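Undergrad: Quick one: this structure, given as structure tokens, is what I'll be asking you about.
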Amino acid sequence: MVSIKELSKEEYLLKGHIACAGCGPAISLRLLFKALGNKVILVVPACCSSVIPGPYPFTSFAVPVQNMLFEATGATASGVVAALRQRDIKDVTVVGWAGDGGTFDIGIQALSGAAERETDFIYICYDNEAYGNTGVQRSGATPYGAWTTTTPTGKKERKKDIAFIMAAHRIPYIATACPSYPIDFIEKIRKAKEIKGTKFIHILAPCPTGWRYDTSKTVEMGRLAVRTGVWTLFEIEHGKFKLNPPSSRLIDRAKRKPVKEYLTLQGRFRKLTEVDIEKTQKWVDEDWERYRKLASNQ
Amino acid sequence: MAQTVIDTANHIVAYAAKAARVQVIAAYPITPQTSIVERIAELVESGELNAEYIRVESEHSAMAACIGAAAAGVRTFTATSAHGLVLMHEALHWASGSRLPIVMPVVNRTLGPGWNIWADYTDSLSQRDTGWIQFYCADNQEVFDTTIQAYKLCEDERILLPVMVCLEAFILSHTYMPVKIPAQEKIDEFLPPYKPKWFLDVDNPFSLANIVTPEYYMEFRYMLQEAMENAKQLIPEIDKEYGKFSGFEHGGLVEKYKCEDADLILLTMGTMGTEAKIAVDNLRNEGLKVGVARVRVFRPFPKEEIRKLAENAQMLAVIDRGISFGMEGFLAEETKASLYDQKNQPLIAGFIAGLGGRDVTFKTIGKIAKKSSEWMRAGRVEKETVWVDLRE
Ligand SMILES: Cc1ncc(C[n+]2csc(CCOP(=O)(O)OP(=O)(O)O)c2C)c(N)n1
Ligand SMILES: [Mg+2]
């Protein structure tokens, strides 16, 4: 197991970046570099992360970055991977680092193609559940009931289950993570690095700006997401589903906090009625029933 | 050893990719480009061409993969047509703006609706402002030679811009012609392995294509324009250098045929240039002093050459296989723009011909030339833009 003490003191997300205070994606980036070091080439589509490092001639990313078109992460990474193979470079990890919009919506085709082609790279979707870059519009990852600037009375539809969409691609490794659980986060990224083929990691990255909570509460928000079961830490390794702690201890519904505790802390859910909250609770419980079955089948 | 092969331009493109020793190919099939990517698949799978071949799921992804590969430091290739090309539009800008040397044969096919798979230049000319260098070829030999030359050009530090090598659907793409392929050692000597000065490198990290504020943006665009100007110098030099060992030169920026003493010059592109030569020979037999100038490079536009041509001619008849809707033929428009403020202002008439694959033969061009010479003698162009052989 990874221990915090053993982690490199080296920082590859440098000071001076321009992310919002309390930015979950920025914490996630820092952890990503802690996990992989600097033998990494990053492909970053249009998203908050294309802004976070700041404008030319400066950057706060201390690794090579190909900034790319919004919908093209999977394809661009395919090109980088192919080039490295031609140049016989074996010790560099290619990472696609995209938001939920660039993954669930406009970039799903390129991602699906890259996965189907068994491209050897790690695709990470950091999910702040909206289009952050453009000022918080709904995405296919925005949860039911959430306010965004394009769903001013709350989103009427549910979030896509992207991890299972990727599971249907039969790729060797899928994991969920959250920067509130840094050890789990780093271990999963390191594991992904060792596996050949397409690896997909879905990160819940709380966003105080879009979710409307106090900037000091990002880590807490991630923890609550996990403890209520709204977010579940799991892996699907070569088709084998496995819950990870602390989610693995939450199969029993009684151990999970009510989702209401998570929802009521965020301004974006202010307009949810009791009925909406009940609906969300029911969906969470249904998901967990599925996870329970999957976990016990293995 | 040099060898002569008889094959279609599409297969010739595949052989040129092989001869250029491309390292990463990313492509998506579309009629009439398909036989390029099929032949390349065979070359890669047989081991004749040591390259990574990414069978992407769209053209947008093809260009994105080429961008990623080129940025990671290898020689990169794709090919497309029509709807595939315009689907790439956003990525075309990204490639040129990133100053990446990607070569892309474009098999010119018009755009729907209605679905039409035949030749005109609507597809590539609608991409003229993307910052790509554009060549237009007249025969299969030129297709091979230009593809090789394109790599030499785009990898030059003074250029670093992507290149389209355009060839017309079916007229070239599926037509067998003899092509002389120079010895591989000669090609290797002419085109050594790609050694980029910068690429995505963990030992020397930098961010490619990150945010650029108004404070710096214009300078990047100025440099792109400068590279285009540099290409005007370099293209004729490269054409000559290639000609020395291959035996073929293609006219640099503009190929001229019997223009020296011509009163009337037919100005056109691609295979219409070849047909026009036959027309010119016939008309010369009838005593008409006519020549043809085939614009081989549309971006950068050979303004200076057009001006030189205009110095002694009384009239230019511009034949376009494409139109900028709401204005006129692309070549006519740019020709006029090039001549603004020049001392000698020949008469100029524009002719729209061959859209959606309609035949343009030497006979068609003969008619155009005769009509033009009437107007030339009368000293007045009756119609600014003529649609040739239009059904009434
Ligand atoms: C083709 C295209 N359409 C729209 C945009 C505008 N755009 C840039 S980033 C973005 C949203 C990104 O959302 P997400 O992927 O969730 O990342 P986040 O900003 O939340 O980090 C949008 C809509 C674009 N850059 N390109
Ligand atoms: Mg987002």
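So the protein sequences, as listed, match chains A and B. For the first sequence, my numbering assigns the number 1 to the initial residue and increments by one for each residue that follows. For the second sequence, my numbering assigns the number 1001 to the initial residue and increments by one for each residue that follows. Backbone N, C-alpha and C define an ideal beta-carbon position, used for all residues, glycine too. If you're wondering where the values come from, they're calculated on a predicted model, not measured in any experiment.
(1) Using a Cβ-Cβ cutoff of 8 Å, what residues of the region 39-68 of chain A are near chain B? List them in chain order.
(2) E6 of chain A touches chain B at which residues, Cβ-Cβ below 7 Å?
(3) Ignoring anything shorter than 3 residues, give me the beta strand (DSSP E) runs that lie fully in the region 1115-1151 of chain B, in order along the chain.
(4) Ignoring anything shorter than 4 residues, give me the alpha helix (DSSP H) runs that lie fully in the region 1146-1218 of chain B, in order along the chain.
(5) I'd like to know whether the C-beta atoms of E1249 of chain B and K1258 of chain B end up nearer to each other than 8 Å.
(6) With respect to 7 Å, is the separation between the Cβ of N1230 of chain B and the closest non-hydrogen atom of ligand 2 below this value?
(7) Are any of the Cβ atoms in chain B nearer than 8 Å to that of L84 of chain A?
(8) Can you tell me the Cα-Cα spacing of V259 of chain A and Y181 of chain A, whole angstroms?
(9) Which residues in chain A sit within 9 Å of H1060 of chain B, going by Cβ to Cβ distance?
(10) Excluding the 5 residues flanking E11 of chain A on each side, which residues of the same chain have their C-beta closer than 8 Å to its C-beta?
(11) Return no unless some Cβ of chain A is closer than 8 Å to the Cβ of R1221 of chain B.
(12) Less than 8 Å between the beta carbons of V1106 of chain B and A1069 of chain B, yes or no?
(13) Could you work out which residue in B:E1374, B:N1230, B:L1253 is closest to E1157 of chain B when comparing CA atoms only?
(14) Say whether chain A places a C-beta atom closer than 8 Å to the C-beta of Y1216 of chain B.
(15) How about P1205 of chain B: is its C-beta nearer than 8 Å to some C-beta of chain A?
(16) Is the beta carbon of N1344 of chain B sitting closer than 8 Å to the one on S50 of chain A?
(17) Between the region 1080-1097 of chain B and the region 1286-1298 of chain B, do at least 3 Cβ pairs fall closer than 8 Å?
(18) Please tell me whether E1057 of chain B has its Cβ less than 8 Å away from any Cβ of chain A.
(19) Considering only residues of the same chain and omitting the five flanking positions on each side of F1330 of chain B, which have a CB-CB separation below 8 Å?
(20) 8 Å is my cut-off, CB to CB: does L1043 of chain B come that close to chain A?
(21) Which residue wins for smallest C-alpha separation from P143 of chain A, given the options A:I277, A:R256, A:R290?
(22) Going along chain A in order, which residues have a C-beta closer than 8 Å to the C-beta of Q1127 of chain B?
(23) Taking only the alpha-carbon atoms, compute the straight-line gap between W288 of chain A and P1196 of chain B and give it to the nearest angstrom.
(24) Could you tell me the boundaries of the alpha helix (DSSP H) in which P25 of chain A lies?
(25) Once you ignore the five residues that flank T1361 of chain B on each side, which residues in its own chain have a CB closer than 8 Å to its CB?
(26) Within 10 Å of its beta-carbon, does D127 of chain A have 16 or more other beta-carbons around it, so buried, or fewer, so exposed?
(27) For S296 of chain A, go through chain B and note every residue whose CB falls closer than 7 Å to its CB, in chain order.
(28) Do we get a CB-CB distance below 8 Å when we pair W1132 of chain B with the residues of chain A?
(29) Taking all protein chains shown into account, do 16 or more other C-beta atoms lie within 10 angstroms of the C-beta of G1114 of chain B, making it buried, or fewer, making it exposed?
(30) Contact criterion: CB-CB distance below 8 Å. Does T1213 of chain B meet it with respect to chain A?
(31) If you follow the alpha helix (DSSP H) that A1014 of chain B is in, where does it begin and where does it stop?
(32) In chain order, what residues of the region 1085-1098 of chain B put their CB closer than 7 Å to some CB of chain A?
(33) Could you please give the first and the last residue of the uninterrupted beta strand (DSSP E) stretch that includes D127 of chain A?
(34) Strictly under 8 Å for the Cβ-Cβ distance: is E1155 of chain B near chain A by that measure?
(35) Can you name the start and end residues of the beta strand (DSSP E) that D1320 of chain B belongs to?
(36) Y262 of chain A by DSSP, collapsed to three states: which one?
TA: On the basis of the supplied data:
(1) Flagged, chain order: K39, V40, I41, V43, S50, V51, P53, G54, P55, Y56, P57, T59, F61, A62, V63, P64, V65, Q66, N67, M68.
(2) Scanning chain B for C-beta atoms nearer than 7 Å to the C-beta of E6 of chain A yields nothing, as the closest lies near 22 Å away.
(3) For the beta strand (DSSP E) assignment, the uninterrupted runs of no fewer than 3 residues enclosed by the region 1115-1151 of chain B are, from N- to C-terminal side, 1133-1136.
(4) For the region 1146-1218 of chain B, the continuous alpha helix (DSSP H) assignments of 4+ residues that do not extend past its boundaries occur at 1184-1190, in sequence order.
(5) Cβ distance not < 8 Å, so E1249 of chain B and K1258 of chain B don't count as in contact.
(6) The answer is no for N1230 of chain B.
(7) For L84 of chain A, a Cβ of chain B is located within less than 8 Å of the residue's own Cβ.
(8) Straight-line Cα distance between these residues: approximately 19 Å.
(9) Under the 9 Å cutoff, chain A gives L69, E71, A72, A75, Q109, A110.
(10) The beta carbon of E11 of chain A lies closer than 8 Å to those of R30, F33, A62 in the same chain, with the five residues before and after it left out.
(11) R1221 of chain B does not count as touching chain A.
(12) One thing to note: V1106 of chain B has its Cβ no nearer than 8 Å to the Cβ of A1069 of chain B.
(13) It is B:N1230 whose Cα lies nearest to the Cα of E1157 of chain B.
(14) So, interface residue.
(15) Yes, P1205 of chain B lies at the interface with chain A (some Cβ there is under 8 Å from its Cβ).
(16) Their beta carbons are not under 8 Å apart, which means N1344 of chain B does not touch S50 of chain A by this criterion.
(17) No: the two stretches stay apart, fewer than three of their Cβ pairs being nearer than 8 Å.
(18) Yes, its Cβ sits closer than 8 Å to a Cβ of chain A.
(19) Y1121, L1125, R1128, F1298, D1320, G1322, I1323, S1324, listed in sequence order.
(20) With respect to chain A, the C-beta atom of L1043 of chain B has no partner C-beta closer than 8 Å.
(21) It is A:I277.
(22) The contacting residues do not exist; Q1127 of chain B stays about 16 Å from chain A at best.
(23) The alpha-carbon atoms of W288 of chain A and P1196 of chain B are separated by roughly 52 Å.
(24) Counting along the chain, the unbroken alpha helix (DSSP H) around P25 of chain A starts and ends at 24-36.
(25) Excluding sequence neighbours, T1361 of chain B sits near E1275.
(26) Its Cβ being crowded by 16 or more others within 10 Å, D127 of chain A is buried.
(27) Residues of chain B passing the Cβ test: none, with the nearest at roughly 36 Å.
(28) Not closer than 8 Å to any Cβ of chain A, the Cβ of W1132 of chain B fails to qualify, so no.
(29) Answer is exposed; the Cβ neighbour count stays below 16.
(30) Proximity of T1213 of chain B to chain A, defined by a Cβ-Cβ separation below 8 Å, is satisfied.
(31) Unbroken alpha helix (DSSP H) run through A1014 of chain B: 1009-1019.
(32) Under the 7 Å Cβ criterion, the region 1085-1098 of chain B contributes E1090, A1091, W1094.
(33) Annotation for D127 of chain A: the continuous beta strand (DSSP E) segment containing it runs 121-127.
(34) With 8 Å as the cut-off, E1155 of chain B does not count as an interface residue toward chain A.
(35) Here the beta strand (DSSP E) through D1320 of chain B covers 1315-1320.
(36) Helix, per DSSP.
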